[in-house]
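Residue numbers (full-length UniProt numbering), protein chains in the order written: chain D, 1 to 208; chain X, 1 to 208; chain Z, 1 to 218; chain E, 1 to 218; chain C, 1 to 50; chain R, 1 to 243.
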Ligand code: HEM
Ligand SMILES: Nc1ncnc2c1ncn2[C@@H]1O[C@H](COP(=O)(O)OP(=O)(O)OP(=O)(O)O)[C@@H](O)[C@H]1O
Ligand SMILES: Nc1ncnc2c1ncn2[C@@H]1O[C@H](COP(=O)(O)OP(=O)(O)OP(=O)(O)O)[C@@H](O)[C@H]1O
Ligand SMILES: [Mg+2]
Ligand SMILES: [Mg+2]
């Protein structure tokens, strides 16, 4: 399923942040978002994931296809690693919950930590668990916001392999990151889409 | 006033983290702490600042001499930049509050933002305000925990200048950082002070 | 959906989950009342149904800030919103979990506390029935309030201010049932009204809560 | 020290500072009571002093989680602890600010709410006096509880559990003064006890709170 | 003008109500002026630095 | 030109600026005339004595208290359906006015109750409903205050207004069921004494119109203020975005 974004404008706090963004992600491909702090990467990802409405433009092929991994991992500290994953697998209604969970645990080298409460994981381990969550959703399009924060080098490599496997099996991915992941994928620099400041006296319905 | 630390051991969550740390900081000098994530820099700084008791060893010359800048800046979002600084100046009981505050604002190029509520500052601006706070305390020893997080290059330079001035006027500083600040100062790598894991069967009062 | 309910229950029963805190609060409020109004048993008996209802209501109220805010803070709510479940189902499950972990124990323990307040003999049955019928409305309305204040820091007191006026009809009819029951009067009319309010709240408010949550998420 | 008090007041009065929410909560609780126990004015008059005391106590209680937790979260507490002020002075100022922003308005408005509950004529004076004498104890005890739970997420309900039992003596003597005042009886003994509790709490608890805070900071 | 034994009652209602109404109007206008001024300041600032 | 064009903030500001002096003037004159007429030039009622003069404050403020909520409800619905910022801000502007009107009705009623019923307060359904209405106003205002983002605040408060309205009506029925009242209904109403009804009702009508005009003036003016505040916030946010 191809994700097609046409002429998208996104807003943050009612202010347009990016405008005229267009791209398409076909299965097997990854799109890597680049741009300085505050340019609007997170905002764009949230819009594509359907968490906030687009200000203008259209998003096609996203409905029920997307697994989103945000800055926060959505883990419950008192549940164990396995229980956390199992919960998300059930929520996304995949069929072979146990199998998928153990696969995801293996993917991110979490087996030895499977029965530890998430509260006792280090920051990097938590992040790995948050990424493992993507695998148990069964969704083809992975949207990730700075996935490698607080990961050490070997974990970053492992992560890149998992994404590569996902792409090879027909999935796709959209990743905002500041570092080089060693992934083959199209890069999209958002700097040029920054919304130009409008005239100050353009005092219309939206106040700007 | 010289800050002298002798054979200090620090603990975090009842576990010893660093042990046998000794150093002295004479006026006009800066000590720069180095070491990987989780080695115990924050813990050491908090101990020296008197926020937690030392497990062993002694700290001399710290009493009422220290201004501490932590990861969090202690700013009130509804107070303006100037009001925030003024509050801290008053708390530390300096005499010429207004003068010091305007000096600190100038030091970190915050004059244009002086009347904006802190809530409306960007992350980097907030950080600058947090550092400006050190100047209004009138304390000679500045202890800073990763002061340059979220600062851009020009602000980092400005910060280094301010610290340099502080040193020249007889102050001293202790800084934990991962980057090169361009400051002349002694470096101290904490890696070698890491507490060796103790025997598990050493089952004493502290359970470790 | 069941998974969500199950997880919420599991979390509530684990350490730090807050199960039992509402119960303890209920107990303490009920114990404080005789200290405040004096120990005459005849007076206590008269106000017992009302006090029990208010205590239950406050205990429900004060546990509301855990319903959605924790999931908001750790990012679960964002992820749940992208899950295949409709947000309406999610908030309904959340209300359900709140009812099971907070309101149901209150209902169960209320006769015991009735004894402390010298509730007259006939009142116990109707007290339990009225709480059983009324607390679902409290949970659903409360979830709506929790959705409104989910993004706010320390929004507890504001939550109270928003939710308590909405609790008024439920409280009036619920306490009326309990009071009439204790006095041996007919309870049909208020009982019907109470059931009606609960049913209507259950049917309508999840949509409002989901809408509110969607607004807060964006 | 004055600067700290001044800042806390300033924060409370700015938008989002929560000033007035405690007041609103007090008002709502007092309004809910007649809904729960019925509108007979003679009954309401009898329980009025007790209800007003419990309402004021709960309003105090629910605003406690702002006393220290906000300063903890944004790091101010760490910085205050390294300031030249002793921690004892800091917690005292915090209690003071809580009393001024939360308890004092409650005291001022209580006669008005007394009207709603048909408090007998002679009761107003003693109600206000008892609250004026008792609320400082509530603030100081509450600050102690806030210091205990400062590092916990959503610790509101736990805070209530810790603090409410500590409130019992204050409540007993305070409500007794108000009740006797309303009934036209002698109030000296409970009044003295109330004053004693307040004075003792003010003298001792700041040290305990500071100690607890020191432990929580490290 | 004779209010009889209810003079206190009537006068106090008028006093309270008028005080509230006038307070409301004054507050409204003061706040309006203040915000008008602040907005003007910000708009000018905007024009200066583009 | 369509009515909705006034929903453009700039258009609203210029138009309201033009009509506001007129509305303020009319409101002041009508209210003053009504109150002076009512206070100085009406006879005492045969059973209420001079306290009948309270009616000229009590009834108009009670009316406006309810109407203000209706207006907020309407404005909220318009905001939800058509998303005109001005209507959301008008609802925000009206809330404190409505709350103050409620307070006036409550206070005048309470003071009136002392000589008439021998008590300051009675848990009569009408009075109780008013108290509950006041609580709804408080909650609504507090929610506006608490939320940073203006559009989010507008959305949330309008949903609260919708849900709150339903529960306010429910509360009214619940309260009626809970306690039968003392308050003057039509039975004790002044209209029964037809010969003196006009003496009281004419100035009363003038007062009602005066209060309505005053409400209009206040809401128009305050909506303007809210629009400026909203623009100010937007400008500050944009500065932050650029700088
Ligand atoms: C706090 C107490 C009171 C409140 C909240 C209150 C509220 C109201 C309300 C909402 C109305 C309705 C206006 C309408 O339906 O057109 C009204 C009308 C009226 N009230 Fe009150 N009231 C209070 C106390 C009193 C008292 C103590 C008296 C006098 C004994 C009184 C006398 C009247 C009269 C004469 C009317 C006009 C009734 C009519 O002609 O329909 N009210 N009041
Ligand atoms: N609550 C808010 N209200 C208004 N504007 C905001 C808010 N939060 C963020 N912004 C602004 O919106 C813009 C886009 O933010 P966004 O988080 O999308 O950036 P980003 O590209 O993800 O940055 P980063 O690389 O730091 O994650 C920023 O300029 C930011 O200042
Ligand atoms: N609440 C806690 N309980 C127990 N151990 C903790 C707790 N918080 C941190 N630690 C552990 O204490 C050690 C020292 O932490 P500290 O914050 O001092 O490191 P640091 O050198 O400042 O790291 P960074 O560079 O990431 O700031 C770490 O190994 C960490 O895992
Ligand atoms: Mg981002
Ligand atoms: Mg650190």
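C-beta atoms are modelled at their ideal positions from N, C-alpha and C, and glycine is treated no differently. In this text, all values refer to a predicted model and were calculated from it rather than measured experimentally.
A straight line joining the alpha-carbon of residue 19 of chain R with that of residue 41 of chain C spans about 26 Å.
Contact between the region 110-120 of chain Z and the region 48-60 of chain Z is present: three or more C-beta pairs spanning the two stretches fall below 8 Å.
When DSSP states are grouped into helix, strand and coil, residue 142 of chain D belongs to the strand group. Pairing residue 12 of chain E with residue 19 of chain E, the inter-Cα distance amounts to about 5 Å. Only 83, 84, 85, 86 from the region 70-93 of chain R bring a Cβ to less than 9 Å from some Cβ of chain D. Following the DSSP letters along the chain, one finds residue 174 of chain D inside the beta strand (DSSP E) bounded by residues 172-176.
Around the beta carbon of residue 157 of chain X, fewer than 16 other beta carbons sit within 10 angstroms, so the residue counts as exposed. Classified as exposed, residue 154 of chain X has fewer than 16 neighbouring CB atoms from the shown chains inside 10 Å of its CB. In the three-state reduction of the DSSP assignment, residue 68 of chain X falls in the strand class, which pools E and B.
Beyond the five residues adjoining it in sequence on each side, residue 8 of chain R comes within less than 8 Å, by CB distance, of 86 in the same chain, given in chain order.
With fewer than 16 other Cβ atoms inside 10 Å of its own Cβ, residue 179 of chain D counts as exposed. The three-state secondary structure of residue 41 of chain C, taken from DSSP, is helix. Taking C-alpha positions only, residue 28 of chain Z is separated from residue 85 of chain X by approximately 44 Å.
Residue-level contact check: residue 210 of chain R does not touch chain Z, since none of the beta carbons of chain Z fall below 8 Å from its beta carbon.
The Cβ atoms of residue 140 of chain D and residue 177 of chain D do not sit closer than 8 Å to each other.
In the three-state reduction of the DSSP assignment, residue 156 of chain X falls in the helix class. The Cβ atoms of residue 64 of chain R and residue 101 of chain R sit closer than 8 Å to each other. Using a CB distance below 8 Å, the part of the region 148-167 of chain Z facing chain R consists of 148, 149, 151, 152, 155, 158, 161, 162, 164, 165, 166, ordered along the chain. For the options D:151, D:62, D:78, D:58, the alpha carbon positioned closest to that of residue 108 of chain D is the one of D:151. Residue environment: residue 95 of chain D is assigned as exposed (fewer than 16 neighbouring CB atoms within 10 Å of its CB, all protein chains considered).
When DSSP reads this structure, residue 12 of chain X sits in a beta bridge with X:15.
In the displayed model, residue 105 of chain Z falls within a helix according to three-state DSSP. Within the region 99-112 of chain R, contact with chain C at the beta-carbon level (separation under 8 Å) is assigned to 100, 103, 104, 107, 108, 111, 112. Residue environment: residue 98 of chain R is assigned as buried (16 or more neighbouring CB atoms within 10 Å of its CB, all protein chains considered). Cβ neighbours of residue 210 of chain E within its own chain (closer than 6 Å, five residues either side excluded): 87, 88, 91.
Within 7 Å of the CB of residue 63 of chain Z, the CB atoms of chain E belong to 157, in sequence order along the chain. Residue contact with chain Z for residue 38 of chain E: present (Cβ-Cβ distance below 8 Å to some residue of chain Z). Inter-segment contact for the region 54-72 of chain R and the region 104-111 of chain R is present: three or more beta-carbon pairs are separated by less than 8 Å.
Ranked by Cα distance from residue 2 of chain D, the options D:14, D:55, D:62 are led by D:62. Taken in chain order, no unbroken stretch of beta strand (DSSP E) lies wholly in the region 138-202 of chain E with a span of 3 residues or more. In the DSSP assignment, residue 23 of chain X is bridged to X:5. Nearest CB-CB separation between residue 215 of chain Z and chain R: below the 8 Å threshold. Per DSSP, reduced to three states, the secondary structure at residue 9 of chain Z is helical. Contact with chain R is found for residue 13 of chain D, since one of that chain's Cβ atoms lies less than 8 Å from the residue's Cβ. For residue 189 of chain Z, the number of other beta carbons within 10 angstroms of its own is below 16, and it is reported as exposed.
Check the Cα spacing between residue 106 of chain X and each of X:87, X:39, X:135, X:169: the tightest is with X:135.
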